[in-house]
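Residue numbering for the sequence shown follows the working numbering, starting at 4 and increasing by one per position.
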Amino acid sequence: MEKPDYSQDYDKLLRSLYRAIIFLSSFAVVLALGLVYYGLLGNPFAAEQSIPVAAKQEAPAARRPGAAADERTEGGVHLATGLRVAEGFEVVRANCTGCHSGKLIAQNRATRDGWQEMIRWMQRTQGLWELGGNEAVILNYLAANYAPEEIGRRASLDLEAIEWYILEE
Numbered sequence: 004m005e006k007p008d009y010s011q012d013y014d015k016l017l018r019s020l021y022r023a024i025i026f027l028s029s030f031a032v033v034l035a036l037g038l039v040y041y042g043l044l045g046n047p048f049a050a051e052q053s054i055p056v057a058a059k060q061e062a063p064a065a066r067r068p069g070a071a072a073d074e075r076t077e078g079g080v081h082l083a084t085g086l087r088v089a090e091g092f093e094v095v096r097a098n099c100t101g102c103h104s105g106k107l108i109a110q111n112r113a114t115r116d117g118w119q120e121m122i123r124w125m126q127r128t129q130g131l132w133e134l135g136g137n138e139a140v141i142l143n144y145l146a147a148n149y150a151p152e153e154i155g156r157r158a159s160l161d162l163e164a165i166e167w168y169i170l171e172e
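Now the structure itself:
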């Protein structure tokens with residue numbers, strides 16, 4: 004009786020073990036890099052969890068590390084936030100710009116009811132805390148400073164008043 008040839012099975016087994024070792028080594032490297040990143044920068048997914056709600060309501064807006072705040076105003080606009088400086092500005096700054104840029108507010112327009120609906124949406128879906136007495140101040144500020152504007156079309160061109168010329172080739 005002949006002995007069976009297991010050399011092909013042995014080669015397949017070695018290739019499978021080699022692949023498993025490569026995979027586990029790669030996984031270990033990625034895991035180690037992740038732990039180093041997590042250790043150096045902290046948990047990027049839990050940034051909001053460490054701030055108590057009371058601090059969020061009363062503290063000035065969080066600033067990005069290393070970014071110098073420009074507290075100047077030009078033309079009634081606070082340069083660091085892009086928001087108009089008016090009654091209620093500091094309350095809006097403290098409650099809104101910790102989560103998003105003031106420029107996001109400034110580019111939008113809504114009625115008081117529209118702004119209130121946006122706040123309700125942020126509370127339902129984005130984790131916005133209960134604003135309490137600050138809500139009326141915020142709504143007054145937004146309705147006064149970022150209400151819808153009626154913007155019409157540009158004036159029609161007076162084609163007869165235009166000095167026309169022909170381009171040379």
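We put the CB at the ideal spot given by N, CA and C, even for glycine.
Quick check on the DSSP output: the alpha helix (DSSP H) that includes residue i runs from which residue to which?
{"i": "residue 112", "result": "Per DSSP, residue 112 belongs to no alpha helix (DSSP H) and is neither H nor E."}
{"i": "residue 102", "result": "Counting along the chain, residue 102 falls outside any alpha helix (DSSP H), and DSSP gives it neither H nor E."}
{"i": "residue 138", "result": "137-148"}
Could you tell me if residue i is buried or exposed, where buried requires 16 or more neighbouring beta carbons within 10 angstroms of its beta carbon?
{"i": "residue 81", "result": "buried"}
{"i": "residue 2", "result": "Missing from the structure shown is residue 2; the chain here goes from 4 to 172 and no further."}
{"i": "residue 167", "result": "exposed"}
{"i": "residue 13", "result": "exposed"}
{"i": "residue 41", "result": "exposed"}
{"i": "residue 124", "result": "exposed"}
{"i": "residue 149", "result": "buried"}
Would you list the one or two residues that DSSP bridges to residue i?
{"i": "residue 173", "result": "Here the chain has residues from 4 to 172 only, and residue 173 is not among them."}
Whose CA, out of the options, lies closest to the CA of residue i?
{"i": "residue 146", "options": "102, 128, 87 and 41", "result": "87"}
{"i": "residue 154", "options": "112, 93, 132 and 166", "result": "112"}
{"i": "residue 152", "options": "114, 100 and 105", "result": "114"}
{"i": "residue 116", "options": "144, 25 and 23", "result": "144"}
Which same chain residues end up closer than 7 Å to residue i when comparing Cβ atoms and leaving out the 5 residues on each side of it in sequence?
{"i": "residue 106", "result": "85"}
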